[in-house]
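Here the structure comes first, spelled out in structure tokens, and everything after it is commentary.
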Ligand SMILES: Cc1cc2nc3c(=O)[nH]c(=O)nc-3n(C[C@H](O)[C@H](O)[C@H](O)COP(=O)(O)OP(=O)(O)OC[C@H]3O[C@@H](n4cnc5c(N)ncnc54)[C@H](O)[C@@H]3O)c2cc1C
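Listed below in structure tokens is the structure:
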């Protein structure tokens, strides 16, 4: 009898534990996947809601979790780069996104780029087979009563945006990004382009990028056509949303401006931006290129390349016409054209604290692009923080505040403390970290010192994690 009672008691305990430790996560993107992994690996049962394929976003193409919608680059792995430091910090916490990125990496100079299909397939596989994670492909339209992480991303479904607006009583801020085109490798004129990575940072001896060299005359003719080419008209509701946000370029995120908008700022803007001819061999066929357009490998089998920095909102026929003016792309076949897209984020500083916990509801967490973090890795990093903290809350352990000296902590601090009036999405960068005193004059040495300080702290936190 006593034995049966014990079993019964254990069952009740198990049920109570299960009830207490169930976590709902909304959004199977980079943030949601990382959050699910971190929470489940801490013993929490996770229900992960992803609305695709039942309801698709404007940019996603598959039902896979963690689908990368534009570039296949996750930044860098070098600790002297903002996203690289973030990558190394996240690895200390056994990040799922970092692990899968390494497994599915393609050569990309000093950048960390992945085969986008393999990346998303592997993520989906690992999460689907995790014993504590249940994936439900359904749109969520209201904020759950259960402990929850909201990571529905920049393309959050309209019905859920309404739920979010009702919850925190403030209007969302909308703005726009644009995605870059991808061309077939076979259609690139390999006699014209040349291999090379800026400043020789590549896996192969010659470099990992294909470079299209432009002389002054070709560059100017290209810019002239670029700025006068026809753009896709905004839909009426998009017109409405963008009205009043900014009279100039402001409804685009500054770090992801369409190439034609950048070009309109002045004839030389592109040669100081994505088309800068620096860091590559000084001369090509005897003359230094006036401008360079870089193509980055987009898949492991090297069948496709994306045009680096060529986010655009030109009509598809105009993209074909104007981008075929680029030397080497005269016969380019486009696998995907560039597009402009909606990007939604909340006024995070008035909504969440540094743990990424809602100010007005302790068991509600936010993560990802929705709280104004920019960049694949940055978004995954906030998923990591939200996943750990939601798990700690459910297990009645203290929440983890990552210090501002770490890149993870600096991003969380930024989104929870930035000035509301000027709040803009932010990606990992050294400018977010508190200075080291006395100031180290040499920039390279300074970054190394920042990284050393951060990684030492991160390892300390990980070792002491409750
Ligand atoms: C078109 C486009 C291009 C971009 N290009 C880049 C780039 O090149 N580099 C870069 O670093 N960043 C880019 N970004 C930003 C990019 O979205 C983020 O870096 C990253 O994907 C954000 O991760 P996330 O998890 O917050 O959102 P996502 O990765 O978008 O994941 C959110 C998930 O939530 C799901 N979802 C939405 N609403 C609901 C709902 N109501 N119920 C259930 N599920 C829901 C969505 O289907 C999606 O899978 C781009 C964004 C867009 C939209």
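Residue numbers (the working numbering): 14 to 479.
The beta carbon of each residue, even a glycine, is placed where N, CA and C say it ideally should be.
Item                                                                                                                              : Value
Any chain B beta carbon closer than 8 Å to residue 469                                                                            : The chain labelled as chain B is not found in the depicted structure, where only one protein chain is given.
Reduced DSSP secondary structure (H/G/I, E/B, other) of residue 294                                                               : coil
Coarse secondary structure for residue 161, derived from DSSP in three states                                                     : strand
Residue span of the alpha helix (DSSP H) that contains residue 467, given as start and end                                        : 456-477
C-beta contact flag for residue 147 and residue 60 at 8 Å                                                                         : yes
Residue 135: CB within 7 Å of a non-hydrogen atom of ligand 1                                                                     : no
Residue 37 - containing beta strand (DSSP E), residue span                                                                        : 35-39
Proximity of residue 367 and residue 426 at Cβ, strictly below 8 Å                                                                : yes
Integer-rounded CB distance, given that residue 49 should sit under 8 Å from residue 12                                           : Coverage of the chain is limited to positions 14 through 479, which leaves residue 12 absent and any answer about it impossible.
Cut-off 7 Å between Cβ atoms - residues of its own chain near residue 372, not counting five sequence neighbours on either side   : 364, 365 and 366
Alpha-carbon spacing of residue 445 relative to residue 180, whole angstroms                                                      : 30 Å
The region 160-178 in contact with the region 353-360 per 3-pair CB rule at 8 Å                                                   : yes
Heavy atom of ligand 1 within 7 Å of residue 427 beta-carbon                                                                      : no
Given 8 Å, three or more beta-carbon pairs between the region 444-464 and the region 397-413                                      : no
Pair within 8 Å by beta-carbon distance, residue 121 and residue 86                                                               : yes
Residue 346 - DSSP class collapsed to helix/strand/coil                                                                           : coil
Chain-order list of residues whose beta-carbon lies under 8 Å from that of residue 160 (same chain, five-residue window excluded) : 35, 36, 37, 376, 377, 403, 406 and 407
Residues bridged to residue 440 (per DSSP)                                                                                        : Answer by DSSP bridge pairing: none, since residue 440 is not bridged.
Ranges of the beta strand (DSSP E) found wholly within the region 95-158, counting only runs of at least 3                        : 124-127 and 146-149
Near ligand 1: residue 389 beta-carbon under 7 Å from a heavy atom                                                                : yes
Where residue 422 falls: helix, strand or coil (DSSP)                                                                             : helix
Environment of residue 462 [buried if 16+ CB atoms lie within 10 Å]                                                               : exposed
Residue 287 vs residue 322 beta-carbon contact at 8 Å                                                                             : yes
Any non-hydrogen atom of ligand 1 closer than 7 Å to residue 382 Cβ                                                               : yes
Near ligand 1: residue 181 beta-carbon under 7 Å from a heavy atom                                                                : no
Own chain partners of residue 460 with C-beta closer than 7 Å, once the 5 adjacent residues on each side are dropped              : 93 and 443
heavy atom of ligand 1 below 7 Å from residue 13 C-beta                                                                           : Residue coverage of the chain in this structure runs from 14 to 479, which leaves residue 13 outside it and unanswerable.
Any non-hydrogen atom of ligand 1 within 7 Å of residue 62 CB                                                                     : yes
Identity of the residue in 156, 212, 211 and 308 nearest residue 205 by Cα                                                        : 308
Residue interval of the alpha helix (DSSP H) (run including residue 83)                                                           : It is not in any alpha helix (DSSP H) - residue 83 carries neither H nor E in the DSSP assignment.
Residues sharing a beta bridge with residue 58, DSSP                                                                              : 35
Cβ-heavy atom distance, residue 236 to ligand 1, below 7 Å                                                                        : no
Inside the region 354-433 only - beta strand (DSSP E) runs reaching at least 3 residues                                           : 377-379
Neighbourhood of residue 419 by C-beta, 7 Å cutoff - its chain only, sequence neighbours within 5 removed                         : 102, 467, 470 and 471
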